[in-house]
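Residue numbers (this note's numbering), protein chains in the order written: chain A, 556 to 833; chain B, 556 to 833. Note that beta-carbon positions come from the ideal geometry of N, C-alpha and C, so glycine has one too.
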DNA sequence: GCTTGACTTTGACGTCGCGTCAAACCGGCA
DNA sequence: TGCCGGTTTGACGCGACGTCAAAGTCAAGC
């Protein structure tokens with residue numbers, strides 16, 4: 556028989572742990588002195604303690620370990636628990652890998668440009684949303700800006716505020732030659748099939764912005780003229796973190812670009828659908 | 556300005572989280588209604604919130620994030636923090652990989668033999684210890700048993716209890732032909748250079764059992780005659796979990812093999828030094 | 001105006017596996 | 001007999017929130 560400290564030393568655990576396991580009923584001392592309350596452990600209890608530790612190392616909680624030791628659990632049930640655990644561990648493993656990549660790319664960024672100016676790119680998922688948009692091809696950025704303002708102003712006038720949500724510009728992939736193919740429109744709070752006719756014979760057509768599971772996003776103040784550097788920033792981030800672009804990118808105007816007096820410039824969220832590079 | 560729920564929805568966090576960050580001073584609402592206490596957030600606070608989330612995702616604690624946002628930390632310091640974090644994440648990554656291997660091998664074990672009889676192999680590290688031992692080569696198991704009992708009994712008589720620790724049998728690698736090369740002796744509570752002469756002209760010589768960083772161990776009741784199956788069990792475990800044997804194995808007798816009347820058989824710990832298979 | 005239901009406030013407790021500390025008690029040795 | 005180191009119970013702390021409770025607030029519908 557050993558006192559708690561000796562037994563703890565033998566088993567390479569802390570006395571606190573042994574007292575705790577006693578309290579949970581996982582491992583009661585072989586004998587407790589009625590006078591002093593001292594716990595006495597037998598070396599024969601070591602296998603049981605090791606059993607607890609082995610199961611704990613598999614990631615099971617102490618609550619789960621209890622019934623297992625009492626053989627109240629069939630092998631099939633244990634197998635099911637372990638399968639669940641395996642899935643969980645695999646998830647957290649991938650999460651840790653991602654974290655590691657992000658840390659390393661951030662370190663590399665500091666080394667490259669000394670600055671700690673975090674781009675604060677974050678990953679999020681976005682749901683599908685009804686979208687009322689103008690499909691157009693623009694020759695240059697000036698034209699893009701004109702079209703965006705046209706949609707913004709006419710849309711603000713002609714779409715009910717309760718229905719209208721946010722102004723969004725989506726790049727399309729089917730660019731013809733040098734032109735920029737875009738979709739410019741408003742996300743809607745609920746589906747609607749009605750189109751909207753703008754000045755100059757343009758038409759907003761009802762459609763849907765598809766859901767994207769993983770979106771690398773960056774919120775940035777400033778007009779869309781200055782947004783090139785931010786696009787580049789997100790691009791570098793995507794590369795450095797071992798992702799690749801997996802769809803058309805979006806610009807979401809979080810604040811109306813046709814602001815009140817004292818307007819400080821738009822707040823725009825840049826979104827790139829991404830997936831992990833295999 | 557948004558109420559907490561809307562802002563939470565936009566940023567894909569919970570309201571509770573926002574209140575918590577407010578409490579910590581990480582992200583105070585742009586305005587609080589003095590009457591009602593309602594928090595109102597501006598969309599312009601989104602970048603800051605995203606900054607918090609980005610740093611949190613790197614694994615930094617909220618405590619660490621605070622000073623970072625206030626720019627009270629130099630890039631060099633941030634770099635150092637990230638390097639530390641990286642090391643930590645790498646450690647936990649490897650731990651998760653190990654856990655995953657162990658879970659999978661346990662599942663495979665259930666599938667193979669249906670039983671949930673956990674072998675309860677656990678990894679531990681052992682320190683170097685002074686060792687007073689007999690070097691011998693035995694032709695068969697009978698001889699081993701005789702030698703072990705000889706050492707056990709003579710040792711128990713001739714070594715002071717305060718100095719004598721546990722009876723240990725170590726396999727040696729330099730086996731000559733068919734014979735089993737062993738070291739049989741006692742670990743000591745402190746170093747000693749004195750040899751001990753046994754009956755039959757055998758000699759216990761002072762030496763040292765080296766430390767082992769990673770030891771796969773299994774505690775098993777029963778005499779050493781029955782121990783073969785346990786050796787096999789540890790062996791399978793080692794293979795299934797992607798380890799390899801990295802040194803001479805040991806048998807540690809946790810309870811004296813020369814017991815009192817009513818003796819139930821020895822309690823023996825089998826130890827294999829192991830390392831990860833690359 | 002009143003009701004209703006969705007939203008918000010503060011405050012408190014729970015999580016998980018112990019680590020750490022405090023105050024009092026016990027055991028063996030000089 | 002004193003002393004030092006071990007032991008007991010009990011309590012709090014951790015980290016980042018989730019969850020619940022009781023009470024107040026807001027906008028819409030009647």
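Chain B residues whose Cβ lies nearer than 8 Å to that of residue 845 of chain A:
Past the edges of chain A, shown from 556 to 833, lies residue 845 of chain A, and the structure says nothing about it.
Terminal residues of the continuous beta strand (DSSP E) containing residue 566 of chain A?
Residue 566 of chain A -> not in any beta strand (DSSP E); alpha helix (DSSP H) instead, spanning 559-566.
Taking residue 809 of chain B as part of the alpha helix (DSSP H), name the residues at either end of that continuous run.
From DSSP, residue 809 of chain B is part of no alpha helix (DSSP H); its letter is neither H nor E.
Contact between the region 630-642 of chain A and the region 632-649 of chain B (3+ Cβ pairs under 8 Å):
no
In three-state terms, what does DSSP make of residue 727 of chain A?
coil
Which chain B residues sit within Cβ distance under 8 Å of residue 634 of chain A?
662, 665, 666
I'd like to know whether the C-beta of residue 605 of chain B is nearer than 8 Å to at least one C-beta of chain A.
yes
Among A:679, A:664, A:570, A:622, the one whose alpha carbon lies nearest that of residue 612 of chain B
A:679
Counting only C-beta atoms, is residue 630 of chain B closer than 8 Å to chain A at any point?
yes
Nearest by alpha-carbon distance to residue 754 of chain B: which of B:720, B:703, B:734, B:572 is it?
B:703
From which residue to which residue does the beta strand (DSSP E) around residue 740 of chain A run?
In the DSSP annotation of this structure, the continuous segment of the beta strand (DSSP E) that includes residue 740 of chain A starts and ends at 735-743.
Residue 609 of chain A, buried or exposed, once every other Cβ within 10 Å from all chains shown has been counted against 16:
Per the 10 Å Cβ criterion, buried.
Just confirm the distance between the C-beta atoms of residue 737 of chain A and residue 724 of chain A, as a whole number of angstroms; I'd bet it's less than 8 Å.
6 Å
Sequence-distant residues of its chain with Cβ nearer than 7 Å to residue 562 of chain A (five each side left out)
573, 596
Work out the CA separation of residue 747 of chain B and residue 616 of chain A for me, nearest whole Å.
44 Å
Only counting the same chain, and skipping five residues up and downstream in sequence, which positions put a Cβ closer than 8 Å to that of residue 721 of chain A?
Correct list, in chain order: 741, 742, 807, 808, 809.
As a quick exercise: from A:687, A:726, A:559, A:599, pick the residue whose alpha carbon is nearest that of residue 693 of chain A.
Nearest of A:687, A:726, A:559, A:599 to residue 693 of chain A, Cα basis: A:726.
Rounded to whole angstroms, how far is the Cβ of residue 759 of chain B from the Cβ of residue 767 of chain B, which I believe are closer than 8 Å?
That pair is no contact at about 22 Å.
Going by CA-CA distance only, name the one from B:821, B:735, B:784, B:822 that's closest to residue 803 of chain B.
B:735
Distance between residue 796 of chain B and residue 773 of chain A (C-alpha atoms, nearest Å):
43 Å
Could you tell me which residues DSSP pairs with residue 772 of chain A in its beta bridges?
Residue 772 of chain A has A:677, A:826 as its beta-bridge partners, per DSSP.
Report yes or no: is there a C-beta of chain B within less than 8 Å of the C-beta of residue 658 of chain A?
Output row for residue 658 of chain A: interface = yes.
Assign residue 843 of chain B to buried or exposed, taking buried as 16 or more other Cβ atoms, counted over all protein chains shown, within 10 Å of its Cβ.
What the structure shows of chain B is the stretch from 556 to 833, and residue 843 of chain B is not part of that stretch, so it cannot be assessed.
Considering only the beta carbon of each residue, do residue 565 of chain B and residue 594 of chain B sit closer than 8 Å?
no
Return the residue from the list A:661, A:640, A:579, A:739 that minimises the CA-CA distance to residue 689 of chain A.
A:739
Should the region 574-585 of chain B be called in touch with the region 821-831 of chain A, which here means at least 3 C-beta pairs below 8 Å?
no
At 7 Å on the CB atoms, spell out the chain B contacts of residue 621 of chain A, in chain order.
In chain order: nothing, as chain B lies at least about 14 Å away.
Does residue 784 of chain B get closer than 8 Å to chain A when you measure Cβ to Cβ?
Not one chain A Cβ lies under 8 Å of residue 784 of chain B.
N-terminal and C-terminal residue of the beta strand (DSSP E) that residue 760 of chain B is part of:
Residues 758-764.
Nearest residue (CA-CA) to residue 667 of chain B, options B:744, B:801, B:791:
B:791
Since I believe residue 771 of chain B is in contact with residue 827 of chain B (beta carbons under 8 Å), could you give me their beta-carbon distance rounded to a whole number of angstroms?
5 Å
For residue 653 of chain A, which three-state DSSP category applies?
helix
For residue 683 of chain B and residue 624 of chain B, which I take to be in contact (beta-carbon distance under 8 Å), what is that distance rounded to the nearest angstrom?
Not really, about 49 Å apart at Cβ, beyond 8 Å.
Nearest-angstrom Cα distance between residue 788 of chain A and residue 600 of chain A?
59 Å
If we ignore side chains and look at the alpha-carbon of each, how far apart do residue 587 of chain A and residue 575 of chain A end up?
One C-alpha to the other measures close to 15 Å.
Residue 586 of chain A bridges to which residues according to DSSP?
A:595
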